[in-house]
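Structure, as structure tokens:
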DNA sequence: GCCGTTTTCGGCCCGACTGTTTTCAGTCG
């Protein structure tokens, strides 16, 4: 079934190509305008008929027909024609940050550059700066963006990697008796550079193990060897590695390919490494590997580097945060700002999932692109929350509460986005940076610390603003920021969106040492977004976060007590 | 191409930032 985001992306690229090919400016605007509204549509577009589609703002008779065409055929005839008349390299250039359709049009039609490689050369030899509208700084930023792009190709975010790995696993199961996902996916890395599978047959083959794989597995014969197949799956750019393992070796191989090198080579008191111990004959489980090595079991997520060896000395695996230990959801959006579902829908679904509270934190007034809340809207939302809180508890049962929050923009000077009397009307405040992301480290630190020192700040939202594989985020001094949070009793968010996973899990231990609590926040813009907390939990466990230091593992009563005490200071 | 009417066609749009400009165009969230 065609998803809403697929329809949006199809119309978006069509609009871009139309602009590239000199279509009427207002016709193009109609496309982007329609995209703007259908992106907000909460139902399934694929299920709507012509009449229902034209009810959507920005969608007229023509656009409704286009959407139906995408739903039935998977594409647009118009788009196919545009694509046929555009070099592939030009389309690739859309991925470069900082240049848009207009500049790409100049590059292609006036300068004659139709691929990223030629563009890079023109920037490196400085010739691009001679073109009107381009200068030295633009050249520099294009080069930086290309370098970033190159460093990201062939990598996947954990959500995509996990999904693809499961598809491949199912496919491989047709050919092998046993197929296990190993490597980075099993370790729950936030970015995955290669997919690794271990396979074995019921009996050993004489003539090669991978001969029967179908065409969806594209082998690179130069990189492969008799026991290791290397290549790609369909047109995915990420590297794929399949290792054939004899049945009796499976445990040992699964163990060493699930951990990273630093984890395997750390020595115990007897001078043995885990790598060596795992080879011992007769071991039946990974638990036994650690037992024989002389320490408690370490979960696969934590087999990155060697911090887990120290962690396990003072903590237990049962102390690690889990989905089941979460009691509420703290950072969520509704239709009051840029969310797809109403306050009531968000609350009802949260209650259905068994949580005790929902923190609504819509965007604040300066975030106009996201329909941030003007003060009157804030008051209106608070009134609705109070009504809903009565309604949702009317039938008795487990108490449930919507908490009045806001995701306040951190303004350029580090202040929050409302006057004090409005800030005081919230139960809690998530403070995040959304604008002016181009900052030097000192400037970013100063801006963040000022926000952290604001007595109304409860949680620091996505501390670096990074978007994995697409935006680096502004540079910060992690220790300085975490220390400031410790000094001011501010909680740090682990934004659980697979695009962010920010705070980076590598800083969880430092935060815990300083006594800073962390909150696993989905930043949900729709009901299903709550499930992103699974990614947040995965990286939180990877970094060794314990339930007792997880903010949204507090019960409703403890959360209310905390927020009341915090407000009273 | 869509919308909202001045119902048959004219106007359409969000603001901050950046870089390349000598007063503005392009990009982005």
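Residue numbers (UniProt numbering): 1 to 569. By construction, the Cβ of each residue, glycine as well, lies at the ideal position given by its N, Cα and C atoms. A quick note: this is a predicted structure, and the numbers were derived from the prediction, not measured.
Residue i - containing beta strand (DSSP E), residue span
{"i": "residue 200", "result": "194-200"}
{"i": "residue 409", "result": "401-409"}
{"i": "residue 116", "result": "Segment 116-124 is the alpha helix (DSSP H) holding residue 116; no beta strand (DSSP E) there."}
{"i": "residue 4", "result": "Run containing residue 4: none in the beta strand (DSSP E); it sits in the alpha helix (DSSP H), 4-20."}
{"i": "residue 495", "result": "491-495"}
Boundaries (first-last residue) of the alpha helix (DSSP H) holding residue i
{"i": "residue 447", "result": "441-453"}
{"i": "residue 421", "result": "420-423"}
{"i": "residue 431", "result": "That residue, residue 431, is in no alpha helix (DSSP H); its beta strand (DSSP E) goes 428-432."}
{"i": "residue 293", "result": "286-293"}
{"i": "residue 480", "result": "478-488"}
{"i": "residue 313", "result": "307-314"}
{"i": "residue 106", "result": "Where residue 106 is concerned, there is no enclosing alpha helix (DSSP H), given that its DSSP letter is neither H nor E."}
Exposure label - residue i; buried when at least 16 CB within 10 Å
{"i": "residue 441", "result": "exposed"}
{"i": "residue 323", "result": "exposed"}
{"i": "residue 285", "result": "exposed"}
{"i": "residue 63", "result": "buried"}
{"i": "residue 289", "result": "buried"}
{"i": "residue 174", "result": "exposed"}
{"i": "residue 249", "result": "exposed"}
{"i": "residue 546", "result": "buried"}
{"i": "residue 281", "result": "exposed"}
{"i": "residue 60", "result": "exposed"}
{"i": "residue 314", "result": "exposed"}
{"i": "residue 355", "result": "buried"}
{"i": "residue 1", "result": "exposed"}
{"i": "residue 404", "result": "buried"}
{"i": "residue 341", "result": "buried"}
{"i": "residue 104", "result": "buried"}
{"i": "residue 214", "result": "exposed"}
{"i": "residue 26", "result": "exposed"}
{"i": "residue 318", "result": "exposed"}
Minimum C-alpha distance to residue i - residue among the options
{"i": "residue 143", "options": "48, 98, 332 and 272", "result": "98"}
{"i": "residue 521", "options": "492, 549, 515 and 542", "result": "492"}
{"i": "residue 177", "options": "198, 193 and 543", "result": "198"}
{"i": "residue 537", "options": "489, 496, 530 and 524", "result": "496"}
{"i": "residue 423", "options": "387, 390, 374 and 123", "result": "374"}
{"i": "residue 307", "options": "133, 452 and 264", "result": "264"}
{"i": "residue 40", "options": "129, 544, 140 and 339", "result": "339"}
{"i": "residue 386", "options": "396, 103, 401 and 61", "result": "401"}
{"i": "residue 391", "options": "349, 344 and 434", "result": "344"}
{"i": "residue 71", "options": "304, 5 and 138", "result": "5"}
{"i": "residue 361", "options": "509, 50, 226 and 459", "result": "459"}
{"i": "residue 352", "options": "262, 336, 318 and 393", "result": "393"}
{"i": "residue 481", "options": "471, 544, 507 and 501", "result": "507"}
{"i": "residue 436", "options": "452, 366, 518 and 221", "result": "366"}
{"i": "residue 295", "options": "194, 305 and 311", "result": "311"}
{"i": "residue 498", "options": "277, 465 and 518", "result": "465"}
{"i": "residue 543", "options": "563, 562 and 513", "result": "513"}
{"i": "residue 271", "options": "25, 317, 293 and 528", "result": "293"}
{"i": "residue 346", "options": "268, 89 and 527", "result": "527"}
{"i": "residue 152", "options": "124, 192 and 318", "result": "192"}
{"i": "residue 541", "options": "14, 300 and 225", "result": "300"}
Distance cut-off 7 Å: residue i Cβ against heavy atoms of the ligand ZN
{"i": "residue 142", "result": "The ligand ZN is not among the ligands present in this structure, which contains no ligands whatsoever."}
- Message: Going residue by residue through the segment 329-397, where are the continuous beta strand (DSSP E) segments of at least 3 residues, counting only ones entirely within it?
- Response: If we require 3 residues or more, the beta strand (DSSP E) runs fully inside the segment 329-397 come out as 357-363.
- Could you tell me whether the segment 412-431 touches the segment 448-467, where touching means 3 or more Cβ pairs closer than 8 Å? Taking 8 Å as the limit for Cβ pairs, the verdict is that the segment 448-467 does touch the segment 412-431.
- Query: What are the start and end residues of each continuous alpha helix (DSSP H) run of 4 or more residues lying completely inside the segment 206-277, in chain order?
  - Reply: Fully enclosed alpha helix (DSSP H) runs of 4 or longer: 250-258, 261-265 and 274-277.
- Item | Ranges of the alpha helix (DSSP H) found wholly within the segment 22-94, counting only runs of at least 4 | 25-38, 50-54, 61-73, 77-84 and 88-92
- Taking the runs of the alpha helix (DSSP H) that are 4 residues or longer, which of them lie wholly in the segment 135-193? 136-152, 158-172 and 183-186
- Message: Threshold first: 4 residues or longer. Then list the alpha helix (DSSP H) segments lying entirely within the segment 502-562, N to C.
- Response: 508-513 and 533-542
- Message: Quick check: the segment 88-95 against the segment 29-39, are at least 3 beta-carbon pairs closer than 8 Å?
- Response: With a cut-off of 8 Å, the segment 88-95 and the segment 29-39 do not count as touching, because too few Cβ pairs lie within range.
- Item | the segment 326-345 touching the segment 553-560, judged by at least three CB pairs closer than 8 Å | Judged by Cβ distances under 8 Å, the segment 326-345 makes contact with the segment 553-560, as three or more pairs qualify.
- Message: For the structure I just gave you, are there three or more beta carbon pairs, one from the segment 251-269 and one from the segment 181-196, closer than 8 Å?
- Response: Touching, yes.
- Query: Does the segment 147-157 touch the segment 480-491, meaning 3 or more C-beta pairs lie closer than 8 Å?
  - Reply: no
- Message: Using 8 Å as the cut-off, can you tell me whether the segment 375-382 makes contact with the segment 76-93, which would need three or more C-beta pairs spanning the two stretches below that distance?
- Response: no
- Message: Would the segment 151-164 count as touching the segment 130-140 if we require 3 or more Cβ pairs under 8 Å?
- Response: no
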